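Engineer:
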Amino acid sequence: MALKEVSNIINNKSVSGNKGKAKGKGKNKSRARKVTTSPENDPAASTTANTPATVVDDSNNTLATSKEVEKKHVVTPEADEGSKSPIDNGDASAKDNLDTLTNVFGKISLVQVPSNVRKVYKIIRNCTGSIGGNGCGGAIYGELTVGSMQKVIDIMKDKLEFTAGSRFIDVGCGLAKPNMHVVQDPGVEFSYGIELNKERWFLGLHNLNHVLKAARDQKDEGGDGERIGHRCMLAHGDIVEAKIFDPFTHVYMFDIGFPPSLFDTLAKMFKRSKSKYLICYHSPRIMIDRYGFEIELICKEATSMHGSSEGHTCYFYKRIGCEYDANPSIDKTRCDPLFSGALKLVQSGLDELADSVEEQFVEEMGAGRPRRSRRAPKQFCP
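In this text, residue positions in the sequence shown follow this note's numbering: the first is -16, and each later residue adds one.
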């Protein structure tokens, strides 16, 4: 083949390739024209390009700019689960507001926290910090935000007959925040927490000691929503030492991390008891199908954890076939020996309870300290 013919073939291929690329670019341009609209063609595009985006504020049905939304920390349903509200971020001003914002799984809700509850949480923060002594190094020691715990209690009051005549037990109470919360709202007759980990129990006792001091020092003025309640006691021990949950009407447990053997024991205890309601963080598939609790689901509610983006669903159960009064008189209710001492102490009044807790706290503070004895050094004899 002649050299001239070879050069013509190469030139023809390069020209055809360039035409193909040009056609491709033309298609891309045409697609771009279909998607993009210029301000000249679309008046709405020209107006929105220079103004901030607007969202509807459901609280008062008004429009707010995107800058205002950032200030209010409003989270849309599309926001990711790690985003937090001011209360979750430890904003002291948000925590002290009566209307508390809680962010659960990307949704904002407004929760009303009573004044005495806020006073108690402020005392606890001063004693053991925002997240309770750094969680004792354990991942399972989760603590609900103030707003999430208030939502749980509001549901209990609305659907679980949770009143001032109720008796509340927290299995694995940790720092006893739920225990001291329910003593304020709705002001239960008896709140009892039991904790296996001694360090966590001691921190909870430290909190209770200061709350009882504040209850002693408070003035007689103020209504029920202002005064700090005191009918609470904490114990360091193992719940399996009890045979029944009586006299408690409502059994609460943050059971994330409980071993399977403990669930089996708790199911048998609940079956032998008269307790009407159970509040925990495992689904019916676990509680009913796997461990055999004789309960039925009433409702569930998403909650958020303090100090992390973690969240858990709280499940509210009722004993199957239970038609009797949820809050029977304490005089007509049997009591397991494990709880009887604490019940009598709470019934004795604030002064005796506060003295007993302080005495126990001081005793634990001085316990376990080794005694040092000075000995004369032995002389070296060559």
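Ideal placement from N, C-alpha and C gives every residue a C-beta, glycine not left out.
Just so we're clear, the structure is a prediction, and the values are computed from it rather than from any experiment.
Please work out which residues of its chain come closer than 7 Å, Cβ to Cβ, to K142, disregarding the five sequence neighbours upstream and downstream, and give them in chain order.
Structural biologist: Here residue 142 refers to the residue found at position 159 when the sequence shown is read from its first residue. For K142, where only same-chain residues beyond five positions count, the Cβ hits under 7 Å are I281, C282 and F299.
Engineer: Do you know offhand how far A325's Cα is from R317's?
Structural biologist: Stepping through the sequence shown from its first residue, residue 325 is reached at position 342. Stepping through the sequence shown from its first residue, residue 317 is reached at position 334. Taking the straight line from one Cα to the other gives about 14 Å.
Engineer: Between the alpha carbons of K67 and H295, how many angstroms are there, rounded?
Structural biologist: As a working note, residue 67 is residue 84 in the sequence shown. As a working note, residue 295 is residue 312 in the sequence shown. Note that K67 scores a pLDDT of 43, beneath 50, so its modelled location is shaky and nothing firm can be said.
Engineer: From which residue to which residue does the beta strand (DSSP E) around H219 run?
Structural biologist: Position 236 of the sequence shown, counting from 1, holds the residue named residue 219. That run of the beta strand (DSSP E) goes C215 to H219.
Engineer: Measuring CA to CA, which of K140, W184, G157 and G155 is closest to P169?
Structural biologist: Sequence index remark: in the sequence shown, residue 169 carries index 186 (1-based). For the residues K140, W184, G157 and G155, the minimum Cα distance to P169 belongs to K140.
Engineer: Counting beta carbon pairs with one atom in the stretch 259 to 267 and one in the stretch 224 to 236, are three or more of them shorter than 8 Å?
Structural biologist: The stretch 224 to 236 is in contact with the stretch 259 to 267.
Engineer: Candidates G220, H193, V165 and H213: which alpha carbon is nearest Q184's?
Structural biologist: Within the sequence shown, numbered from 1, the residue matching residue 184 stands at position 201. The residue you asked about is not Gln; residue 184 is Trp in the sequence shown. When only C-alpha atoms are compared, the closest one is G220.
Engineer: Three or more beta-carbon pairs under 8 Å between the stretch 222 to 231 and the stretch 263 to 278, yes or no?
Structural biologist: Contact fails: fewer than three Cβ-Cβ distances are below 8 Å.
Engineer: Rounded to the nearest angstrom, what separates E144 and G349 at their Cα positions?
Structural biologist: If you number the sequence shown from 1, residue 144 lands on position 161. If you number the sequence shown from 1, residue 349 lands on position 366. Near 42 Å, if we compare the C-alpha coordinates of G349 and E144.
Engineer: For D153, which residues does DSSP report across the bridge?
Structural biologist: Residue 153 sits at position 170 when you count from the first residue of the sequence shown. Note: D153 sits in a beta bridge opposite G176 and Y235.
Engineer: Just to check my reading of the structure: F151 and V329 have Cβ atoms closer than 8 Å, yes? What is that Cβ distance to the nearest angstrom?
Structural biologist: The residue you call residue 151 lines up with position 168 of the sequence shown. The residue you call residue 329 lines up with position 346 of the sequence shown. Rounded, the Cβ-Cβ distance is 12 Å, inconsistent with contact.
Engineer: Report the residue from N190, E347 and C305 whose alpha carbon sits nearest the alpha carbon of I278.
Structural biologist: Numbered from 1 along the sequence shown, position 295 holds the residue referred to as residue 278. Among N190, E347 and C305, the Cα nearest to that of I278 belongs to C305.
Engineer: On the three-state DSSP scale, how would you describe K259?
Structural biologist: The sequence position of residue 259 within the sequence shown is 276, counting from 1. Note: K259 maps to coil in three-state DSSP.
Engineer: Would you kindly check if the distance between the Cβ of E126 and the Cβ of M288 is under 8 Å?
Structural biologist: To locate residue 288, count along the sequence shown from 1; it is residue 305. To locate residue 126, count along the sequence shown from 1; it is residue 143. Yes. Within cutoff.
Engineer: I'd like to confirm the pairing. Which residues does DSSP put opposite A367 in its beta bridges?
Structural biologist: Absent from the structure is residue 367, since the part of the chain shown begins at -16 and ends at 365.
Engineer: By a C-beta neighbour count over all protein chains shown, 10 Å radius and 16 as the cutoff for buried, is G187 buried or exposed?
Structural biologist: The residue labelled residue 187 in the question sits at position 204 within the sequence shown. Answer is buried; the Cβ neighbour count reaches 16.
Engineer: Count the other CB atoms, across all protein chains shown, that sit within 10 Å of the CB of P243; report buried if there are 16 or more and exposed otherwise.
Structural biologist: Numbered from 1 along the sequence shown, position 260 holds the residue referred to as residue 243. P243 should be labelled exposed.
Engineer: Is it the case that the Cβ atoms of L195 and V340 are separated by a distance below 8 Å?
Structural biologist: Here residue 195 corresponds to residue number 212 of the sequence shown, with the count starting at 1. Here residue 340 corresponds to residue number 357 of the sequence shown, with the count starting at 1. Yes, these two residues count as a Cβ contact at 8 Å.
Engineer: Rounded to the nearest angstrom, what separates A250 and G155 at their Cα positions?
Structural biologist: As a working note, residue 250 is residue 267 in the sequence shown. As a working note, residue 155 is residue 172 in the sequence shown. Approximately 16 Å between the Cα atoms of the pair.
Engineer: From what residue to what residue does the alpha helix (DSSP H) around A197 run?
Structural biologist: The count along the sequence shown starts at 1 and reaches residue 197 at position 214. Here the alpha helix (DSSP H) through A197 covers K181 to D200.
Engineer: List the DSSP bridge partners of I136.
Structural biologist: Numbered from its first residue, the sequence shown carries residue 136 at position 153. In the DSSP output, where bridge partners are listed per residue, I136 has none listed.
Engineer: What are the start and end residues of the alpha helix (DSSP H) that includes S113?
Structural biologist: As a position in the sequence shown, residue 113 is number 130, starting the count at 1. Here S113 belongs to no alpha helix (DSSP H), and DSSP marks it neither H nor E.
Engineer: Work out the CA separation of K102 and F276 for me, nearest whole Å.
Structural biologist: Stepping through the sequence shown from its first residue, residue 276 is reached at position 293. Stepping through the sequence shown from its first residue, residue 102 is reached at position 119. In a straight line, the C-alpha of F276 is about 37 Å away from that of K102.
Engineer: Please go through the same chain and pick out, in chain order, the residues whose beta-carbon is closer than 6 Å to the beta-carbon of T248, but skip the five residues on each side of it.
Structural biologist: The residue given as residue 248 occupies position 265 in the sequence shown. So the list reads V223, once near-sequence residues are dropped.
Engineer: Could you work out which residue in I313, N192, V171 and F322 is closest to E342 when comparing CA atoms only?
Structural biologist: Residue mapping note: residue 342 aligns to position 359 of the sequence shown, counting from 1. Among I313, N192, V171 and F322, the Cα nearest to that of E342 is on N192.
Engineer: According to DSSP, simplified to helix, strand and coil, what is L336?
Structural biologist: Numbered from its first residue, the sequence shown carries residue 336 at position 353. Note: L336 maps to helix in three-state DSSP.
Engineer: Starting from H265, follow the alpha helix (DSSP H) in both directions and report where the run begins and ends.
Structural biologist: Here residue 265 refers to the residue found at position 282 of the sequence shown. That residue, H265, is in no alpha helix (DSSP H); it is neither H nor E in DSSP.
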